[in-house]
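Q: Using the numbering used here, you'd call the opening residue of the sequence shown number 15 and step up by one each time.
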Amino acid sequence: MKHSLTELNDVIRNRRSIFPKDFSSRKVHREQIQVMLENARWAPTHKMTQPWAFEVFMGDACASFGHDHAEMYKSASGDAFMEKKYEKIRLNAERSSAIIAICMKRDPEEQIPLQEEISAVSMAVQNLHLTATAYGIGGYWGSGGMTYSAEMKSYLGLTEADRCLGFFYLGYPDIEWPRKKPRHEVRMFTKWHEE
Ligand SMILES: Cc1cc2nc3c(=O)[nH]c(=O)nc-3n(C[C@H](O)[C@H](O)[C@H](O)COP(=O)(O)O)c2cc1C
Numbered sequence: 015m016k017h018s019l020t021e022l023n024d025v026i027r028n029r030r031s032i033f034p035k036d037f038s039s040r041k042v043h044r045e046q047i048q049v050m051l052e053n054a055r056w057a058p059t060h061k062m063t064q065p066w067a068f069e070v071f072m073g074d075a076c077a078s079f080g081h082d083h084a085e086m087y088k089s090a091s092g093d094a095f096m097e098k099k100y101e102k103i104r105l106n107a108e109r110s111s112a113i114i115a116i117c118m119k120r121d122p123e124e125q126i127p128l129q130e131e132i133s134a135v136s137m138a139v140q141n142l143h144l145t146a147t148a149y150g151i152g153g154y155w156g157s158g159g160m161t162y163s164a165e166m167k168s169y170l171g172l173t174e175a176d177r178c179l180g181f182f183y184l185g186y187p188d189i190e191w192p193r194k195k196p197r198h199e200v201r202m203f204t205k206w207h208e209e
């Protein structure tokens with residue numbers, strides 16, 4: 015065996031979504047995020063378009079981003095505005111040690127279908143999340159708030175063809191590492207053809 019399958023299985027199966035309400039004040043370091051991003055860039059990418067793009071908010075920039083995101087929601091929501099949602103957007107950011115905006119930058123030649131570019135970014139995020147898990151750092155991919163809005167696109171300097179796919183909130187958990195959420199058995203989603 016070339017690599018430790020036991021270690022690999024452990025990291026993959028122990029990866030969990032851990033939410034900002036459960037983050038402690040312990041800081042995630044820039045060097046650790048650098049390693050997460052290094053691993054992210056080794057995701058597969060059709061025609062090597064490497065469509066992932068990340069904006070990292072750390073330190074005071076987390077709260078500023080949270081404020082901007084919440085205000086963006088307030089301006090856009092009109093009569094549908096909910097104070098609870100505003101506060102959730104703001105507090106998720108304030109409680110995080112770092113936030114990574116997950117973006118897809120469309121290849122100008124549009125050589126491959128959009129879903130393949132989004133798939134490549136998703137695989138990069140999985141690499142990032144598994145790396146965080148190996149450090150004992152918690153995180154989750156949040157796609158709420160203004161993720162898919164034109165306002166967020168403009169805030170992040172994205173073009174019409176690009177996409178914001180969400181935000182990865184990072185922090186050390188101050189709870190026991192959560193237990194696995196049950197998944198369907200392999201036999202329930204797999205059909206084998208052997209003859
Ligand atoms: C593309 C994507 C978007 C997600 N958006 C949200 C979200 O907006 N809010 C949320 O609570 N969880 C979100 N999640 C995390 C899922 O809730 C989580 O992965 C799921 O509950 C399984 O838990 P686990 O990651 O601990 O295995 C998202 C996950 C993915 C892949």
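C-beta: ideal position from N, C-alpha, C; glycine also.
Out of curiosity, what's the CA-to-CA distance linking G156 and E209?
A: Residue 156 sits at position 142 when you count from the first residue of the sequence shown. Residue 209 sits at position 195 when you count from the first residue of the sequence shown. Computed Cα separation, rounded: 43 Å.
Q: Which of the three DSSP states is assigned to V26 in this structure?
A: To locate residue 26, count along the sequence shown from 1; it is residue 12. One point to set straight first is that residue 26 is Ile, not Val, in the sequence displayed. In the structure shown, I26 sits in a helix (DSSP, three-state: H, G or I).
Q: What are the residues that DSSP puts in a beta bridge with M62?
A: Residue 62 sits at position 48 when you count from the first residue of the sequence shown. M62 pairs with nothing; no bridge assigned.
Q: Going straight from the alpha carbon of R193 to that of Q140, what length do you get?
A: In the sequence shown, counting from the first residue as 1, residue 193 sits at position 179. In the sequence shown, counting from the first residue as 1, residue 140 sits at position 126. Spanning the two alpha carbons is a distance of roughly 19 Å.
Q: Within the present structure, is the beta-carbon of S157 separated from the nearest heavy atom of ligand 1 by less than 6 Å?
A: What you label residue 157 is simply residue 143 of the sequence shown in a count that begins at 1. Yes; taking the cut-off as 6 Å, the Cβ of S157 has a heavy atom of ligand 1 nearer than that.
Q: Since L142 is in the alpha helix (DSSP H), which residue starts that stretch and which ends it?
A: Residue numbering aside, residue 142 sits at position 128 when the sequence shown is read from its first letter. It spans L128 to Y149 - the alpha helix (DSSP H) in which L142 sits, taken as one unbroken run.
Q: When you measure from the CB of K99 to every non-hydrogen atom of ligand 1, does any distance come out below 6 Å?
A: Counted from its first residue, the sequence shown places residue 99 at position 85. For ligand 1, not one heavy atom lies less than 6 Å from the Cβ of K99.
Q: When we look at the beta-carbon of K41 and count the other beta-carbons within 10 Å, is it buried (16 or more) or exposed?
A: Counting from 1 along the sequence shown, the entry for residue 41 is found at position 27. Exposed, since its Cβ has fewer than 16 Cβ neighbours within 10 Å.
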